[in-house]
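K.L.:
Residue numbers (the working numbering), protein chains in the order written: chain A, 285 to 561; chain B, 285 to 561.
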DNA sequence: TCTTAGGCTAAGAAAAACTTAGGCAAGAAA
DNA sequence: TTTCTTGCCTAAGTTTTTCTTAGCCTAAGA
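In structure tokens:
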């Protein structure tokens, strides 16, 4: 049975989602990140949509885009609709597999903080799966809980310096070459050094992109690593690393675990949230 | 810039839409009709969806399908969400091209009833486009107004018999071979003949699938055609056809024109509705 | 001036969606 | 009973959509 009319052509859902994300986030590039595609794909979607509409949704500026009047007027409707759709999908997935809890987090937090806590939760009957995302914003509709280091008041994630255990390490004077740094955490060393009373200290050692890797290096004796304590706790507890100076600095970050959607009081996500908090 | 994780995999929107339609309409086949695809496509979507979910949404019975408990529980959420999405899309299209009015109707009504009325509306600044659909249900989200012959109380669409003008035609006794019938309107001749006082009359002439074609044939003198008056009015007004017997029978159908969504009071669709009613 | 951010385009590749064709089981019709 | 019809399923193959890669362009900021 073929469709009689050439093609009724219902609204291009994918393109609409691209529009919604781009409008809400204020650009094609962040939208692409959220959707998990390249910016070129978003460009193409918007082009299609505007063409089929016969009207522009964004003004193109050389440095970015801005919603047109029309775009701004209709965006909230789409945001609402997609939020409802996401919520419905979440509910469906939740009800389809009771006990399932998805936690959106970074790869580092998943490996270093969440992973050690999973066995206990699994034994309690929860099927916890970490969903790796780049930022809290990208978690939209993908998970029940979010776990991130966020800029925030609490001093719950202090910076500490860690190194391999052994008598020598802790006693050495600070050597700029005997350091390990994390990419994207440029200020951490400065903050810690200031707290340690050496404001002018500049690390010169290798920079790692992954906290897990940097910790591994540190455990192998490659240098002194400044890192948020929650990420190092497991290794400290195992004795693979030590905190030779015992100096903690404010990181300005808090380890936050919070619901990404409304949770039914006794649902699996709510229970896991309570268990981890 | 490639997406880091293999693929965050947002919900398969097309499959969700198939689920929603199938759930709401109570079967895969009607859903396929509404979506303008074959039933096999709907089957495949549901299979994908249920597989990725790890749970069944429909119980398969040999004669059809029924929502499972889970499916029934979540369906309303999806219906609501998609309705909102459709509404947003409608609003977007409406605002993008002011003056645009889409009327969902059958090919016959579009050609025979709507088409003659379009020039006046076009001159009034409305861009009216008929959207051909098979049934009112399939119009969901595709148009602003619906125009159909519906089973209904009013006698607004009586059946009449028409033929080519000329002295002989009207005077002839009824000849079963000198008839034209419409496919899908099996009872029409019987009703009209009953009203004419010839209850046992059975037409034997050719059967046409399209009212427009049948009217054309009748105008060419091929026979007597029983048809709902609204469809023949234009040809009668032009003198291309006559109503030789002057006998009208109840068709049980009413020509209905109604809004398929909420219309803003002074919007183009509302004005066109008022002008046509 | 150089660099960077953000978007655009074209071409080709990958993945999703759809159709066709045939099959099966149960209720309806003969 | 037998036959027909309805509604869904499966497999194979094709079309359409969606996405990525790679290179270009403009303006703002260092």
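A virtual CB, placed ideally from N, CA and C, is assigned to each residue, including glycine.
Who are the Cβ neighbours of residue 461 (chain B) in its own chain at under 7 Å, not counting the five residues just before and after it?
P.N.:
Locating residue 461 (chain B) in the second chain gives position 177, counting from the first residue. Closer than 7 Å at Cβ, skipping near neighbours: 488 and 489.
K.L.:
Could you work out which residues of chain A lie near residue 372 (chain B), taking near to mean beta carbons separated by less than 7 Å?
P.N.:
Sequence index remark: in the second chain, residue 372 (chain B) carries index 88 (1-based). Per Cβ cutoff of 7 Å: 358, 361, 362 and 365.
K.L.:
Please report the straight-line C-alpha distance between residue 555 (chain B) and residue 303 (chain A), rounded to a whole angstrom.
P.N.:
Taking the second chain and counting its residues from 1, the one referred to as residue 555 (chain B) is at position 271. Taking the first chain and counting its residues from 1, the one referred to as residue 303 (chain A) is at position 19. Spanning the two alpha carbons is a distance of roughly 30 Å.
K.L.:
Near residue 397 (chain B), what residues of its chain come up, given a Cβ to Cβ distance below 6 Å and the 5 sequence neighbours on each side ignored?
P.N.:
On the second chain, position 113 is the one that residue 397 (chain B) refers to. These residues qualify, in order along the chain: 514.
K.L.:
Have a look at the DSSP bridge pairing and note the partners of residue 542 (chain A).
P.N.:
If you number the first chain from 1, residue 542 (chain A) lands on position 258. The partner list for residue 542 (chain A) (beta bridge, DSSP) reads A:430.
K.L.:
With distance defined between alpha-carbon atoms, name the residue in B:348, B:356, B:339 and B:347 nearest to residue 377 (chain A).
P.N.:
Within the first chain, residue 377 (chain A) is the residue found at index 93, counting from 1. The shortest C-alpha separation from residue 377 (chain A) is found at B:339.
K.L.:
Near residue 448 (chain B), what residues of its chain come up, given a Cβ to Cβ distance below 6 Å and the 5 sequence neighbours on each side ignored?
P.N.:
Position 164 of the second chain, counted from the start, is the residue given in the question as residue 448 (chain B). Hits under 6 Å: 503 and 505.
K.L.:
Among B:344, B:299 and B:390, whose alpha-carbon lies nearest the alpha-carbon of residue 267 (chain B)?
P.N.:
With chain B covering 285 to 561 only, the question about residue 267 (chain B) has no answer from this structure.
K.L.:
Check each candidate in A:380, A:318 and A:315 and name the one with the smallest Cα separation from residue 353 (chain B).
P.N.:
The residue labelled residue 353 (chain B) in the question sits at position 69 within the second chain. When each option's Cα is compared against that of residue 353 (chain B), the closest is A:380.
K.L.:
Given this structure, state the Cα-to-Cα distance separating residue 309 (chain B) from residue 315 (chain B), to the nearest angstrom.
P.N.:
As a working note, residue 309 (chain B) is residue 25 in the second chain. As a working note, residue 315 (chain B) is residue 31 in the second chain. If you take the alpha carbons of residue 309 (chain B) and residue 315 (chain B), they lie about 6 Å apart.
K.L.:
Among the candidates B:508, B:417, B:399 and B:385, whose CA atom is the shortest distance from the CA of residue 319 (chain B)?
P.N.:
Counting from 1 along the second chain, the entry for residue 319 (chain B) is found at position 35. Cα-wise, what sits closest to residue 319 (chain B) is B:417.
K.L.:
Got a sec, what are the start and stop residues for the beta strand (DSSP E) residue 348 (chain B) sits in?
P.N.:
Taking the first residue of the second chain as 1, we reach residue 348 (chain B) at position 64. Run containing residue 348 (chain B): 348-351, per the beta strand (DSSP E) assignment.
K.L.:
Give a single yes or no on whether residue 296 (chain B) has its beta carbon closer than 7 Å to a heavy atom of the ligand SAH.
P.N.:
The ligand content of the structure shown is nil, which means the ligand SAH is not present either.
K.L.:
Measure the beta-carbon distance from residue 529 (chain A) to residue 457 (chain A) and round it to whole angstroms, keeping in mind my assumption that it falls under 8 Å.
P.N.:
As a first step, residue 529 (chain A) must be located in the first chain, where it is residue number 245. As a first step, residue 457 (chain A) must be located in the first chain, where it is residue number 173. With 8 Å as the limit, residue 529 (chain A) and residue 457 (chain A) do not qualify as a contact, their Cβ atoms being about 11 Å apart.
K.L.:
Once DSSP output is grouped into helix, strand and coil, what is the label at residue 480 (chain B)?
P.N.:
Within the second chain, the letter at position 196 stands for residue 480 (chain B). If DSSP states are grouped into helix, strand and coil, residue 480 (chain B) belongs with the helices.
K.L.:
Which residue from B:368, B:558, B:443 and B:429 puts its Cα closest to that of residue 531 (chain B)?
P.N.:
On the second chain, residue 531 (chain B) is found 247 positions in, with the first residue counted as 1. Of the candidates B:368, B:558, B:443 and B:429, the one whose C-alpha sits nearest the C-alpha of residue 531 (chain B) is B:443.
K.L.:
In chain order, which continuous runs of the alpha helix (DSSP H) of length 4 or greater are located wholly inside the region 483-538 of chain A?
P.N.:
Correct list: 495-503 and 513-522.
K.L.:
Check the Cβ of residue 368 (chain A) against every Cβ in chain B and list those closer than 7 Å, keeping chain order.
P.N.:
One-based indexing of the first chain puts residue 368 (chain A) at position 84. Result: 364, 365 and 368.
K.L.:
Could one say the Cβ of residue 383 (chain A) lies closer than 8 Å to chain B's Cβ atoms, at least one of them?
P.N.:
Translated into positions along the first chain, residue 383 (chain A) becomes position 99. Taking Cβ atoms only, chain B never reaches closer than 8 Å to residue 383 (chain A), which makes this a no.
K.L.:
How long is the line joining the alpha carbons of residue 426 (chain B) and residue 541 (chain A), rounded to whole angstroms?
P.N.:
Position 142 of the second chain, counting from 1, holds the residue named residue 426 (chain B). Position 257 of the first chain, counting from 1, holds the residue named residue 541 (chain A). If you take the alpha carbons of residue 426 (chain B) and residue 541 (chain A), they lie about 43 Å apart.
K.L.:
Residues in the same chain with beta-carbon distance under 8 Å from residue 478 (chain A), minus the five sequence neighbours each way, listed in chain order, please.
P.N.:
Numbered from 1 along the first chain, position 194 holds the residue referred to as residue 478 (chain A). The residues are 533.
K.L.:
In terms of residue numbering, what span does the beta strand (DSSP E) encompassing residue 343 (chain A) cover?
P.N.:
Locating residue 343 (chain A) in the first chain gives position 59, counting from the first residue. Start and end: 342-345.
K.L.:
Do you know how far the Cα of residue 334 (chain B) is from the Cα of residue 327 (chain B)?
P.N.:
Locating residue 327 (chain B) in the second chain gives position 43, counting from the first residue. Locating residue 334 (chain B) in the second chain gives position 50, counting from the first residue. Cα to Cα, the separation comes out at about 11 Å.
K.L.:
How many angstroms separate the CA atom of residue 287 (chain B) from the CA atom of residue 433 (chain B)?
P.N.:
One-based indexing of the second chain puts residue 287 (chain B) at position 3. One-based indexing of the second chain puts residue 433 (chain B) at position 149. The predicted position of residue 287 (chain B) is uncertain, since its pLDDT is 35 and thus under 50; no value can be drawn from it.
K.L.:
Check each candidate in B:384, B:412 and B:539 and name the one with the smallest Cα separation from residue 436 (chain B).
P.N.:
Position 152 of the second chain holds residue 436 (chain B). That would be B:539, whose Cα lies nearest to the Cα of residue 436 (chain B).
K.L.:
Listing by chain order, which chain B residues have their CB less than 8 Å from the CB of residue 298 (chain A)?
P.N.:
As a first step, residue 298 (chain A) is located in the first chain; it is residue number 14 there, counting from the start. The contacting residues are 297.
K.L.:
Does the beta-carbon distance from residue 431 (chain B) to residue 466 (chain B) come in below 8 Å?
P.N.:
Residue numbering aside, residue 431 (chain B) sits at position 147 when the second chain is read from its first letter. Residue numbering aside, residue 466 (chain B) sits at position 182 when the second chain is read from its first letter. Cβ atoms of residue 431 (chain B) and residue 466 (chain B): not closer than 8 Å.
K.L.:
Which whole-angstrom value is the C-beta distance of residue 369 (chain B) and residue 365 (chain A), which I expect to be below 8 Å?
P.N.:
Taking the second chain and counting its residues from 1, the one referred to as residue 369 (chain B) is at position 85. Taking the first chain and counting its residues from 1, the one referred to as residue 365 (chain A) is at position 81. That belief holds up - the Cβ atoms of residue 369 (chain B) and residue 365 (chain A) are roughly 4 Å apart, short of 8 Å.
K.L.:
Is it true that the CB of residue 498 (chain A) sits closer than 8 Å to the CB of residue 508 (chain A)?
P.N.:
Locating residue 508 (chain A) in the first chain gives position 224, counting from the first residue. Locating residue 498 (chain A) in the first chain gives position 214, counting from the first residue. Their beta carbons are not under 8 Å apart, which means residue 508 (chain A) does not touch residue 498 (chain A) by this criterion.
K.L.:
Among B:475, B:486, B:332 and B:428, which one has its Cα closest to the Cα of residue 463 (chain B)?
P.N.:
Position 179 of the second chain, counting from 1, holds the residue named residue 463 (chain B). Of the candidates B:475, B:486, B:332 and B:428, the one whose C-alpha sits nearest the C-alpha of residue 463 (chain B) is B:486.
K.L.:
Kindly say whether residue 454 (chain B), judged by its beta-carbon, lies nearer than 8 Å to any beta-carbon of chain A.
P.N.:
The residue given as residue 454 (chain B) occupies position 170 in the second chain. Its pLDDT being 48, under 50, residue 454 (chain B) is placed unreliably by the model, and the measurement read from it follows with that caveat. No, because no Cβ of chain A sits closer than 8 Å to the Cβ of residue 454 (chain B).
K.L.:
Would residue 312 (chain A) and residue 349 (chain A) be called neighbours here (beta carbons separated by less than 8 Å)?
P.N.:
For this step, residue 312 (chain A) is matched to residue 28 along the first chain. For this step, residue 349 (chain A) is matched to residue 65 along the first chain. For residue 312 (chain A) and residue 349 (chain A), yes; Cβs fall inside 8 Å.
K.L.:
Measuring alpha carbon to alpha carbon, tell me which residue in A:409, A:387, A:535 and A:322 is nearest residue 469 (chain A).
P.N.:
Sequence index remark: in the first chain, residue 469 (chain A) carries index 185 (1-based). Ranking the options by Cα distance to residue 469 (chain A), first place goes to A:535.
K.L.:
Could I get the ranges of all uninterrupted alpha helix (DSSP H) runs contained in the region 442-473 of chain A, with 4 residues as the minimum, in chain order?
P.N.:
Correct list: 451-455.
K.L.:
I think residue 545 (chain B) touches residue 371 (chain B), with their Cβ atoms under 8 Å apart; what is that distance to the nearest whole Å?
P.N.:
For the purposes of this step, residue 545 (chain B) is taken as residue 261 along the second chain, with counting starting at 1. For the purposes of this step, residue 371 (chain B) is taken as residue 87 along the second chain, with counting starting at 1. Indeed they touch by this definition, with Cβ atoms about 6 Å apart.
K.L.:
Among the residues of its own chain, which have a CB less than 7 Å from the CB of residue 296 (chain A), if the five just before and after it don't count?
P.N.:
Within the first chain, residue 296 (chain A) is the residue found at index 12, counting from 1. Once the five neighbours on either side are set aside, the close Cβ partners of residue 296 (chain A) are 332 and 333.
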